[in-house]
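Engineer: Chains A and B are the protein sequences, given in the same order. Read in order, the letters of the first sequence are residues 1 to 534 in this note's numbering. Read in order, the letters of the second sequence are residues 1001 to 1478 in this note's numbering. All C-beta atoms in this analysis are idealised placements derived from N, C-alpha and C, irrespective of residue type, glycine included.
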Amino acid sequence: MNSIQLSARQIAQKVRAGELSALEVLEDHLRQIQAVDGVPGSLQDLSLDPSEESKVHAFLEVSAQLAQKQAEQVQARVQRGEDPGPLAGVPVSIKDIFCVQGTTTTAASRILYNFRPPYTATTVERLQKAGALIIGKTNLDEFTYGSSSESSAFQPHPNNPWNTQRVTGGSSGGSAASVAAREVPLSLGTDTGGSIRQPAAFCGVVGLKPTYGRTSRYGLIAFGSSLDCPGPLARDVPDAALMLQVLAGTDPKDSTSALAPVPDYLAALQEGVRGLRIGLSRDYDHISYPDTLTGEMSVQAIQPEMNSAVRDVAEALARLGAEIVEDVPMPNARHGIPAYFVISRVEAASNLHRFDGVKYGYRTSAPVRGLSELYRATRAEGFGLQPKLRILMGMYVSAAQHSAQYYQKALRVRSMIRSDFEQAFDPRGAYRLDALLTPTTPTTAFRRSEVLGDSVLMQYSDQMTVAGNHAGIPAVSIPAGLDPLGLPIGVQFFGMDFREDLILRAAYAYEQATQNAKWRGVIPQALRGSEVSA
Amino acid sequence: MKTYEIVIGLETHIQLNTASKIFCACKADSWGAEPNTNICPVCSGLPGVLPVLNAEAVRKGALLAAAMHAEINPVSYFDRKNYFYPDLPKGYQITQFDEPIGKGGYMDLEMPDGTIRRVRIHKLHLEEDAGKTKIELGERLVDFNRCGVPLVEMVTEPDLRSGEEAAQYLTQLRQLLRWIGVSEADMERGHLRCDANVSIREAGSAVLNTKTEIKNVNSIDAVRQAISEEAKRQIEAVEAGQRIQSYTLDWDADTGTLRKMRSKESEADYRYFREPDLLPVVLSAEEIAQAQSSLPELPLARRARFIRDYQLSAYDADILTSERALSDYYEESVSLCGGAAKVVSNWMMNDLSRLMNETGKSAAELRLRPADLAEIIQLVEGGKISTATGKSLLAKVEAGGGKPAGIVEREGLGLIADEGALSSQIAAVLAESAAEVESFRAGKESLLGWFVGQVMRRTGGKADPKRTRELLLEQLKR
């Protein structure tokens, strides 16, 4: 038996019972990485063997030694009769935006190409304490700025395991791909506008963005500090619930982490959906998109399979006893991306200030006269296009003469988006929802290079997800079928603050009800023909 | 020449004396430490780390706001002030912008003519300090030790009218900071830093003209001198028909001159926005009340009370309230001395003050406590020891400890008032001084003092002077 076929729960259970060695688990997964991942992303312009085209390229760095040491520790605890933790022996990949002592942490940017943090992110520390094996760092859009993972300074970028000519989505594309390609059962990602859920949808895995503050941001290299959420990517809902259990909780190192008690997410899954009120919204069956010349917003249809998948999921849940609430108004959903354009970029521009070549990371080797030149040359050479665009826009909309018109206005829009959800979830309101069901993305995975370069269109692939970040509420994306091209479709449930348990229940109920669906038996392209796919 | 009025506002940075920095666990004070030895990932701006607010800094900030009669904001916010400089490792300073911890407030200055000048506070907020840079051998060096040290920035309205007034404001502020225990306020160590905004206008006018900003006026003398120099320069320029430009000037204390640093035509845009890594600072009504009620009696109030209740001169009251510990020392000593306010004041102004100067100790640090001082004063006043012995006891208690009465007893320092003992000493003096005795008896009564002196010499100063005089007269006139 090859342990890459097992869920995280099964691995942990077998390792804890002494039926399976963590070392064996590690070896299986390292072998799978060897088989499907190809060369890691690099700053150098490599001429690649054509066979690399069909590889996944999820990883920037495989930390085999670190994982080996952890596996040995897990085995030692098992031998001593101690509890090695709820994730004992489970290999986990980490989006390379988290600082992990003993790894290089690049944020997929040249400016941090050599940065080795002397500390470990709280979320990663919790995984390690729970017995997980940190197997490597995954590729992403530079500083998480993107929705395809193509903008990494380290190329080749990750490819979608379902069709390697397609993107993984992003920015947690490497994470999603590593889970879909069975290189790991679990991955740690981050979601600022949809960066866990969108790649999870594209790669046919489960991705959960927790409530803002539910998981600690300490050690996460910041994008939009008021929006960033670490969260799990997994192959099924119970594994996501298990990982969230480990990640969730307050952290004295993060003042914005929440004190709210952490429920038993796995136990909650068993409660089913009978009586849950699940909402659908017509404001989520299309997107609003600005004309590039006039800025006029026009309504655009989304891929029809997205809406039919939402219908299918709703019907399946209705059969299980959920109440479906139609036509829940989300009038401000269409303002999500414009407001996000402003808020996230103001925070991003400020968060990027510290990368100046003075203290760590990349510093220009060009001769410079004076400080300004050092800054300019270092940042010009060290940052890719996306950070530069975001700095320009962030600086512009927060400038004293523009702030009221853009930044302050965007903050008001943000609270309007939040109030849409508050009304929908209000237990004394007209809708009294437990969850809102929507497509995760307007389309399935697009072709490589198709959208890259059009920063606006790229951003609009987050239109379905971004409202959750503005509102700070939890949301989970789950696989809900394949489109005619065989690409995964994702649907998402939004929930109330700190009610991850409710959206996980709904997601799990659907997952269970469709366990034998034909599409669930389809194996991603990158795994077909490999010895470990059977 | 017209008459001009000088208009001054001061911007002060006050280093709070908390144990740790404002957003991390590093020690707050790095005095004497090697560069970059008192730093951590948080205060040196590594990626991914987050600030955690030091509650003690908030408490001290609120206490200072209360002492400045400012309104304490129940909900204040931290903001990011974005700019690039190598000593600012995050590329932004975490500070408070539009909703600071204190709003309004004032400090009253007593002018030499007895009138009060009220200096209004424009802004009082918490922030983190930046590091230091210096150029050495053509290289720019950065020291992050000071990054994240908690500061209160306090800016006055343009309510000061001379270098002298500005100096007095700073003196009084320094006293207040130490008094309420929020800062060591040592200007040499940068605990209290000052920039001065100076402009001039025709006397009687209410307009505010273009101002210049003088940086680095980091001693009270520097404030006085730099402002006077700059006001003089501005008046001369205006008289010569020139326009005052908005310069930033640097005060060079060594040469006593102002140097132009840069013109300040356009204000930098710091692109302030709320710091998303910190929660709003919420102070409950109880916490605000606590800050206000934990405020001790302030220096000016105590000074007024000393003048009223103890009938001290303004001068004595000034000195005795210059530090809180000294004024506490005084009050405790007076109370232990049964209210002998004037006597205690004399002892403290002269002898105790000398002892403090000689030992370099503050009132709080003295080993000689108010109970000891009171005991010594009572021994002198009760005629048990001479004034000279009393004074020498101060140093003895300070050096070796012990109770004054015990030392007097052990070392036999008490005055000899016993008639038998004194009489035999007197007899001996008279026996040695036949010529003087004859002169005295012949009418040269001024010799009495000389005889007393002789007795004192024989007794090592311990003869009770009053009794000695009486017995001498008895024996000489016999």
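Any idea which residues DSSP pairs residue 338 of chain A with across the strands?
Structural biologist: Taking the first sequence and counting its residues from 1, one reaches residue 338 of chain A at position 338. Answer by DSSP bridge pairing: none, since residue 338 of chain A is not bridged.
Engineer: Against residue 83 of chain A, what residues of chain B qualify as contacts under a CB-to-CB distance less than 9 Å, listed in chain order?
Structural biologist: To locate residue 83 of chain A, count along the first sequence from 1; it is residue 83. Result: empty, since nearest Cβ-Cβ is about 30 Å, beyond 9 Å.
Engineer: Tell me which same chain residues have a C-beta within less than 8 Å of the C-beta of residue 1387 of chain B, skipping the five on either side of it?
Structural biologist: As a working mapping, residue 1387 of chain B is identified with position 387 in the second sequence. The answer, listed in chain order, is 1380.
Engineer: Measuring only between beta-carbons, confirm whether residue 1273 of chain B sits less than 8 Å from chain A.
Structural biologist: Translated into the one-based positions of the second sequence, residue 1273 of chain B becomes position 273. It does: the Cβ of residue 1273 of chain B has a partner Cβ on chain A nearer than 8 Å.
Engineer: Under 8 Å between C-beta atoms, does residue 1277 of chain B make it to chain A?
Structural biologist: In the second sequence, residue 1277 of chain B corresponds to position 277, counting from 1. Residue 1277 of chain B counts as touching chain A.
Engineer: Can you pull the chain A residues whose beta carbon is under 8 Å from the beta carbon of residue 1035 of chain B, in chain order?
Structural biologist: Position 35 of the second sequence, counting from 1, holds the residue named residue 1035 of chain B. Here the premise fails: no neighbours, minimum Cβ distance about 14 Å.
Engineer: Answer yes or no: do residue 164 of chain A and residue 54 of chain A have a C-beta to C-beta separation smaller than 8 Å?
Structural biologist: Here residue 164 of chain A refers to the residue found at position 164 when the first sequence is read from its first residue. Here residue 54 of chain A refers to the residue found at position 54 when the first sequence is read from its first residue. For residue 164 of chain A and residue 54 of chain A, yes; Cβs fall inside 8 Å.
Engineer: Would you mind stating whether residue 480 of chain A and residue 309 of chain A have Cβ atoms separated by less than 8 Å?
Structural biologist: Residue mapping note: residue 480 of chain A aligns to position 480 of the first sequence, counting from 1. Residue mapping note: residue 309 of chain A aligns to position 309 of the first sequence, counting from 1. Yes, these two residues count as a Cβ contact at 8 Å.
Engineer: If you reduce the DSSP assignment to three classes, tell me which class residue 203 of chain A lands in.
Structural biologist: Position 203 of the first sequence, counting from 1, holds the residue named residue 203 of chain A. It is helical.
Engineer: Classify residue 460 of chain A as buried or exposed, calling it buried when 16 or more other Cβ atoms lie within 10 Å of its own Cβ.
Structural biologist: Mapped onto the first sequence, residue 460 of chain A falls at position 460. Buried, because 16 or more other Cβ atoms sit within 10 Å of the Cβ of residue 460 of chain A.
Engineer: For residue 358 of chain A, which residues from the same chain have a beta carbon less than 6 Å from its beta carbon, with the 5 sequence-adjacent residues on both sides left out?
Structural biologist: To locate residue 358 of chain A, count along the first sequence from 1; it is residue 358. Within the same chain, residue 358 of chain A has no close Cβ partners at all.
Engineer: Inspect the beta-carbon positions of residue 83 of chain A and residue 138 of chain A and report whether they are closer than 8 Å.
Structural biologist: Within the first sequence, numbered from 1, the residue matching residue 83 of chain A stands at position 83. Within the first sequence, numbered from 1, the residue matching residue 138 of chain A stands at position 138. Contact flag unset, no.
Engineer: In its own chain, which residues sit with a C-beta less than 7 Å from the C-beta of residue 1088 of chain B, not counting the 5 before and 5 after it?
Structural biologist: Looking up residue 1088 of chain B in the second sequence gives position 88. Around residue 1088 of chain B: 1130.
Engineer: Figure out for me which residue from A:337, A:329, A:67 and A:253 has the closest Cα to the Cα of residue 437 of chain A.
Structural biologist: In the first sequence, counting from the first residue as 1, residue 437 of chain A sits at position 437. Taking only the C-alpha atoms, the option nearest residue 437 of chain A is A:329.
Engineer: Just tell me which of B:1377, B:1316 and B:1412 has its CA closest to the CA of residue 1336 of chain B.
Structural biologist: As a working mapping, residue 1336 of chain B is identified with position 336 in the second sequence. For residue 1336 of chain B, the nearest C-alpha among the options comes from B:1377.
Engineer: Going by alpha carbons, who is nearest to residue 419 of chain A out of A:468, A:384 and A:400?
Structural biologist: For the purposes of this step, residue 419 of chain A is taken as the residue at position 419 of the first sequence. Among A:468, A:384 and A:400, the Cα nearest to that of residue 419 of chain A belongs to A:468.
Engineer: Provide the residue span of the beta strand (DSSP E) that contains residue 1012 of chain B, from first to last.
Structural biologist: Taking the second sequence and counting its residues from 1, the one referred to as residue 1012 of chain B is at position 12. Looking at the DSSP string, the run of the beta strand (DSSP E) that includes residue 1012 of chain B is 1004 to 1015.
Engineer: Hey, is residue 1269 of chain B's beta-carbon within less than 8 Å of any beta-carbon in chain A?
Structural biologist: To locate residue 1269 of chain B, count along the second sequence from 1; it is residue 269. At least one chain A Cβ lies under 8 Å of residue 1269 of chain B.
Engineer: Please state whether DSSP places residue 1188 of chain B in a helix, a strand or coil.
Structural biologist: For this step, residue 1188 of chain B is matched to residue 188 along the second sequence. DSSP places residue 1188 of chain B in helix when its eight states are reduced to three.
Engineer: Verify whether the separation of the beta carbon atoms of residue 262 of chain A and residue 339 of chain A is less than 8 Å.
Structural biologist: Here residue 262 of chain A corresponds to residue number 262 of the first sequence, with the count starting at 1. Here residue 339 of chain A corresponds to residue number 339 of the first sequence, with the count starting at 1. The answer is no: Cβ separation not under 8 Å.
Engineer: Using a beta-carbon distance cut-off of less than 8 Å, what residues from the stretch 1129 to 1159 of chain B approach chain A?
Structural biologist: Residues passing the 8 Å Cβ filter: 1140 and 1142.
Engineer: So, under 8 Å CB-CB, residue 198 of chain A and residue 465 of chain A are touching, yes? Tell me the CB distance rounded to an integer number of Å.
Structural biologist: Counting from one through the first sequence, the residue named residue 198 of chain A turns up at place 198. Counting from one through the first sequence, the residue named residue 465 of chain A turns up at place 465. Confirmed, Cβ separation roughly 6 Å.
Engineer: Residues of the stretch 196 to 225 of chain A with a CB closer than 9 Å to any CB of chain B: list them in chain order, please.
Structural biologist: Those residues of the stretch 196 to 225 of chain A that come within reach of chain B (Cβ to Cβ, closer than 9 Å) are 216, 217, 218, 219, 220, 221, 222, 224 and 225.
Engineer: With a 10 Å radius around its C-beta and 16 neighbouring C-beta atoms as the bar for buried, classify residue 1212 of chain B as buried or exposed.
Structural biologist: In the second sequence, residue 1212 of chain B corresponds to position 212, counting from 1. Its Cβ being crowded by 16 or more others within 10 Å, residue 1212 of chain B is buried.
Engineer: Looking at residue 1011 of chain B and residue 1149 of chain B, is the spacing between their C-beta atoms short of 8 Å?
Structural biologist: Residue numbering aside, residue 1149 of chain B sits at position 149 when the second sequence is read from its first letter. Residue numbering aside, residue 1011 of chain B sits at position 11 when the second sequence is read from its first letter. Not in contact: residue 1149 of chain B and residue 1011 of chain B (Cβ atoms no closer than 8 Å).
Engineer: For residue 1171 of chain B and residue 1232 of chain B, I'd like the C-alpha separation in whole angstroms.
Structural biologist: Along the second sequence, read from residue 1 onward, the residue named residue 1171 of chain B stands at position 171. Along the second sequence, read from residue 1 onward, the residue named residue 1232 of chain B stands at position 232. Taking the straight line joining both Cα atoms gives about 23 Å.
Engineer: Tell me which residues of the stretch 1082 to 1103 of chain B have at least one Cβ-Cβ distance to chain A shorter than 7 Å, keeping chain order.
Structural biologist: Here the close residues are 1082, 1084, 1086, 1089, 1090, 1091 and 1092.
Engineer: Tell me which same chain residues have a C-beta within less than 8 Å of the C-beta of residue 1461 of chain B, skipping the five on either side of it?
Structural biologist: Locating residue 1461 of chain B in the second sequence gives position 461, counting from the first residue. Excluding sequence neighbours, residue 1461 of chain B sits near 1386, 1388 and 1389.
Engineer: List the residues of chain B that residue 511 of chain A touches, going by C-beta distances under 9 Å, in chain order.
Structural biologist: Indexing the first sequence from 1 puts residue 511 of chain A at position 511. Under the 9 Å cutoff, chain B gives no residues; its nearest Cβ is about 33 Å from residue 511 of chain A.
Engineer: Quick test of the definition: if touching needs 3 or more C-beta pairs under 8 Å, does the stretch 1269 to 1286 of chain B touch the stretch 1232 to 1246 of chain B?
Structural biologist: With the cut-off at 8 Å, the stretch 1269 to 1286 of chain B and the stretch 1232 to 1246 of chain B do not touch.
Engineer: Specify whether the stretch 1249 to 1263 of chain B and the stretch 221 to 231 of chain A touch according to this definition: at least 3 beta carbon pairs, one from each stretch, less than 8 Å apart.
Structural biologist: These segments do not touch.
Engineer: Can you have a look at residue 1134 of chain B and say buried or exposed, based on whether 16 or more other CB atoms are within 10 angstroms of its CB?
Structural biologist: Taking the first residue of the second sequence as position 1, residue 1134 of chain B is located at position 134. That one is exposed.
Engineer: At 4 residues or longer, what runs of the alpha helix (DSSP H) sit wholly inside the stretch 234 to 259 of chain A?
Structural biologist: Correct list: 237 to 247.
Engineer: Are the CB atoms of residue 223 of chain A and residue 119 of chain A within a distance shorter than 8 Å?
Structural biologist: Counted from its first residue, the first sequence places residue 119 of chain A at position 119. Counted from its first residue, the first sequence places residue 223 of chain A at position 223. No, Cβ-Cβ distance for residue 119 of chain A and residue 223 of chain A is not below 8 Å.
Engineer: May I ask you to list, following chain order, the residues of the stretch 1037 to 1050 of chain B that have a beta carbon less than 8 Å from some beta carbon of chain A?
Structural biologist: Cβ contacts with chain A: 1041, 1044, 1045, 1046, 1047, 1048, 1049 and 1050.
Engineer: Give, in chain order, every residue of the stretch 80 to 112 of chain A whose Cβ lies closer than 9 Å to some Cβ of chain B.
Structural biologist: Cβ contacts with chain B: 97, 98, 99, 105, 107 and 112.
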